[in-house]
Amino acid sequence: MLILGIDPGSTRVGYGLIKKEKNNLFFVESGLLEIFSKNKTDRLLEAAKSLSKIIKKHKPNVVAVEKLFFMKNLKTAVEVSETRGVLTLIVGQHKIPLLEFSPSEIKIAVTGYGMADKKAVAKMVENILKIDKIKGPDDISDALAVAITATNFLNNLRQY
């Protein structure tokens with residue numbers, strides 16, 4: 027099973043692909059969808075096209091997205107929500123099941139502690155996926171953490 031994790035943002039979107047085989051998780055690919063356009067419509071279109079390209083290339087079985095939980099800056103929250111909406115639309119157009127998790131659910135699934143900082147999350151992602159060091163901003167390790175959370179969720183569902 028191939029799982030795509032997404033950490034949405036207004037100017038960049040982290041993504042991480044992992045493969046689950048039996049009880050093992052394997053790192054496949056991760057990166058950033060950088061959104062350079064200043065115009066809102068163009069920015070959202072860039073995000074949509076970039077995600078669609080990744081989905082067509084890898085054909086994930088499940089996509090998991092981090093929920094927008096709380097932001098101090100209302101303008102940023104609106105921009106991230108718009109990007110998130112476009113990304114979930116693209117997932118729907120590709121008819122892929124979508125899972126959504128709050129930041130605390132992700133932290134608990136990956137570190138066991140809902141208030142873990144980004145450094146602790148990144149370190150656990152590296153340990154779980156047996157990779158040396160995640161290169162790039164936190165968006166990438168966060169996206170991989172979202173994908174790991176999805177595998178935990180799906181494992182728990184199968185137990186019932």
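Numbering (the numbering used here), first residue to last: 27 to 186.
A virtual CB, placed ideally from N, CA and C, is assigned to each residue, including glycine.
Check: Bridge partner(s) assigned by DSSP for Y187; Outcome: Since the first residue of the chain shown is 27 and the last is 186, residue 187 is not available in this structure.
Check: Separation of T175 from F127, as counted between CA atoms; Outcome: 8 Å
Check: Residue(s) in a DSSP beta bridge with L58; Outcome: G40
Check: Integer-rounded CB distance, given that G31 should sit under 8 Å from A169; Outcome: 4 Å
Check: Counterpart residues of I32 in DSSP-defined beta bridges; Outcome: Y41 and V91
Check: Identified DSSP bridge partners for N50; Outcome: E47
Check: Proximity below 7 Å, CB of I61 to CB of A73; Outcome: yes
Check: E126 - partner residues in DSSP beta bridges; Outcome: V91
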